[in-house]
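Visitor: Counting from 1, position 124 in the sequence shown corresponds to residue 828 in my numbering; the numbering is continuous, with no gaps.
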Amino acid sequence: MLRCLPCCFKAEEVRKSFKKNKIDQKQRSALASFVERISFKSSNSGKQIITDEILKLGGNGNIASKTFTFRELATATKNFKPECLVGEGGFGRVYKGFIDNINQVVAVKQLDRNGLQGNREFLVEVLMLSLLHHQNLVNLIGYCADGEQRILVYEYMALGSLEDHLLDVPPNRQPLDWGTRMKIAQGAARGLEYLHDKASPPVIYRDFKASNILLDEDYNPKLSDFGLAKLGPTGDKSHVSTRVMGTYGYCAPEYAMTGQLTTMSDVYSFGVVFLEIITGRRAIDTSKPTDEQNLVTWAQPLFKDKNKFTLMADPRLEGNFPVKGLYQALAVAAMCLQEEAATRPLITDVVTALEYLSVPKNDNDEETPKSQCTDRSSLEDVRSNCDGTTEKHSNVEANEL
């Protein structure tokens, strides 16, 4: 067929191809220039590798994030006063601030120069959040790289992290109700779905945990901290080989043992967090008896005994949850936590199941609202996604779902 096309059409294609190559070169130069502005302390080859990888995401080379001076952010946080401190970790400290020239309340993350997040992670986070945008990903407003300073400026999330409301609940605070827990789980899963299925190539988050899920004033969740994110495998590659990073208790077993990373590694981490949401227990809690310190190890035998399902629910719920909803939520968690990565559901199927679970209902409800499926197919899709029957791939009793 190509032989039949006019010569002028071929010439036009050549011109378009040449123009596209020039645009790609401009994009590459723009990103390379951006990397230089951040003063990334690495070899030139390291800079080039990161620039090349980020271009694969389809970004147009334009970094929308603003550049702030250290003076501007010191002013915004009242010179980083302790009263403005809202969070602290191995990466550094987070302050609440207000930036006059954009008229916005912000969260300012000042990285510890001797902390866990280095120059590479800082650069990856700025680039990732500049090119990836979704309602369940935190919005990066800008950054500061003055001298040795490494500071990230995010939208301010009024309610802090999921960990604050689920695992570090003070006595005077009401625990999250069941419906809110399912809403948060669904939104967080949607964030992962965007990274796995909408980004091209897929992005593996690699650090999915309760402290990295931030909540706005309406308990809508957003994923934060993208310093460990990696581009997923493309073409005929089944995985990405990388140094094992992440948080103990959340890492998928195959990734922890081999360093082979896939989107299913994130699905496993989601299963751990979802189990935390259901039980109110930490992934790792050394204050508990030895056989209860690892959440997944504690839960696995309970998944097999339907008489103990209700005992797995967070006692702070005081029984205020739909029993069928609890059983179905446990089924989703159990499937995400399968030892074999190939038997875990895709995050898209998990989202579908959670859409069903997040619809308010009680144990007497016989129908799902018309806006959802007319039967339980949303959950069944997840249950049947694991290469066969529920009995083979999920330890939760099928007749209870």
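The C-beta atom is built at its ideal place from N, Cα and C for all residues, glycine as well.
Just so you know, these numbers come straight off a predicted model, no measurement behind them.
In or out: S904 buried (at least 16 other Cβ within 10 Å) or exposed?
Guide: Within the sequence shown, numbered from 1, the residue matching residue 904 stands at position 200. Exposed.
Visitor: DSSP on T1056, reduced to helix/strand/coil?
Guide: Along the sequence shown, one-based indexing puts residue 1056 at 352. Assigned with DSSP and collapsed to three states, T1056 falls in helix.
Visitor: For N843, which residues of its own chain have a beta-carbon under 7 Å away from its beta-carbon, when the five flanking residues on both sides are left out?
Guide: As a working note, residue 843 is residue 139 in the sequence shown. Within the same chain, N843 has close Cβ partners Y858, E859.
Visitor: Under three-state DSSP, which class holds N1024?
Guide: What you label residue 1024 is simply residue 320 of the sequence shown in a count that begins at 1. In the structure shown, N1024 sits in coil (DSSP, three-state: anything other than H, G, I, E or B).
Visitor: I need the straight-line Cα distance from Q964 to E958, nearest angstrom please.
Guide: What you label residue 964 is simply residue 260 of the sequence shown in a count that begins at 1. What you label residue 958 is simply residue 254 of the sequence shown in a count that begins at 1. When rounded, the distance between both Cα atoms is 7 Å.
Visitor: Please identify the residue among N1011, T781, Y952, V971 whose C-alpha is closest to the C-alpha of T990.
Guide: Translated into the one-based positions of the sequence shown, residue 990 becomes position 286. If we check each option's Cα against that of T990, Y952 comes out closest.
Visitor: Hey, how far is the Cα of L835 from the Cα of V828?
Guide: Position 131 of the sequence shown holds residue 835. Position 124 of the sequence shown holds residue 828. Each residue's alpha carbon lies about 11 Å from the other.
Visitor: Is it true that the stretch 883-894 meets the stretch 806-819, where meeting means three or more beta-carbon pairs spaced less than 8 Å apart?
Guide: no
Visitor: Measure the C-alpha to C-alpha separation of F826 and R854 and round it to an integer number of angstroms.
Guide: What you label residue 826 is simply residue 122 of the sequence shown in a count that begins at 1. What you label residue 854 is simply residue 150 of the sequence shown in a count that begins at 1. Whole-angstrom Cα-Cα distance: 7 Å.
Visitor: Can you grab the Cα-Cα spacing for the pair T884 / A1037, in whole Å?
Guide: The count along the sequence shown starts at 1 and reaches residue 884 at position 180. The count along the sequence shown starts at 1 and reaches residue 1037 at position 333. Computed Cα separation, rounded: 17 Å.
Visitor: Roughly how many whole angstroms lie between the Cα atoms of P1026 and L856?
Guide: The residue you call residue 1026 lines up with position 322 of the sequence shown. The residue you call residue 856 lines up with position 152 of the sequence shown. Taking the straight line from one Cα to the other gives about 41 Å.
Visitor: Tell me whether Q1042 sits in a helix, a strand or coil according to DSSP, three-state version.
Guide: In the sequence shown, residue 1042 corresponds to position 338, counting from 1. Looking at Q1042 - three-state DSSP - the assignment turns out to be coil, as it is neither helix nor strand.
Visitor: To the nearest angstrom, how far is it from the Cα of M861 to the Cα of T1052?
Guide: Here residue 861 corresponds to residue number 157 of the sequence shown, with the count starting at 1. Here residue 1052 corresponds to residue number 348 of the sequence shown, with the count starting at 1. Rounded to the nearest angstrom, the two C-alpha atoms are 26 Å apart.
Visitor: Just verifying my parser: in three-state terms, what is the DSSP assignment at Q890?
Guide: Counting from one through the sequence shown, the residue named residue 890 turns up at place 186. Helix at Q890.
Visitor: Residues in its own chain within less than 8 Å of S1062 by CB, not counting five upstream and five downstream?
Guide: The count along the sequence shown starts at 1 and reaches residue 1062 at position 358. Excluding sequence neighbours, S1062 sits near G883, M886, K887, A889, Q890.
Visitor: Going by Cα to Cα distance, which pick from R877, N783, L815 is closest to I803?
Guide: Residue mapping note: residue 803 aligns to position 99 of the sequence shown, counting from 1. Out of R877, N783, L815, N783 has the C-alpha closest to the C-alpha of I803.
Visitor: Would you report the Cα separation of T773 and Q1032, rounded to the nearest angstrom?
Guide: Counted from its first residue, the sequence shown places residue 773 at position 69. Counted from its first residue, the sequence shown places residue 1032 at position 328. Distance between the alpha carbons of T773 and Q1032 is about 50 Å.
Visitor: Please report the straight-line C-alpha distance between D970 and P1064, rounded to a whole angstrom.
Guide: Taking the first residue of the sequence shown as position 1, residue 970 is located at position 266. Taking the first residue of the sequence shown as position 1, residue 1064 is located at position 360. Answer to the nearest angstrom: the Cα atoms are 27 Å apart.
Visitor: Check R1048 in the structure and name its three-state DSSP category.
Guide: In the sequence shown, the residue the question calls residue 1048 occupies position 344. It is coil, neither helix nor strand.
Visitor: Taking T771 as the reference, which of C848, Y799, P786, G801 has the closest Cα?
Guide: As a first step, residue 771 must be located in the sequence shown, where it is residue number 67. Residue C848 is the option with its Cα nearest to T771.
Visitor: Provide the residue span of the alpha helix (DSSP H) that contains G975, from first to last.
Guide: Position 271 of the sequence shown, counting from 1, holds the residue named residue 975. Bounds of the alpha helix (DSSP H) holding G975 are 967-983.
Visitor: Please tell me whether L999 and L927 are closer than 8 Å, where the distance is taken between their beta carbons.
Guide: Here residue 999 refers to the residue found at position 295 of the sequence shown. Here residue 927 refers to the residue found at position 223 of the sequence shown. No.
Visitor: Against chain C, does N840 count as a neighbour if the rule is that its beta carbon must be under 8 Å from one of theirs?
Guide: The structure shown contains no chain C; it holds only a single protein chain.
Visitor: Unbroken alpha helix (DSSP H) runs of length 4 or more, entirely within the stretch 825-907: which are they?
Guide: 866-870, 882-897
Visitor: Determine the contact status of S973 and S915, defining contact as a CB-CB distance below 8 Å.
Guide: If you number the sequence shown from 1, residue 973 lands on position 269. If you number the sequence shown from 1, residue 915 lands on position 211. It is not a contact, given that the beta carbons lie outside the stated cut-off.
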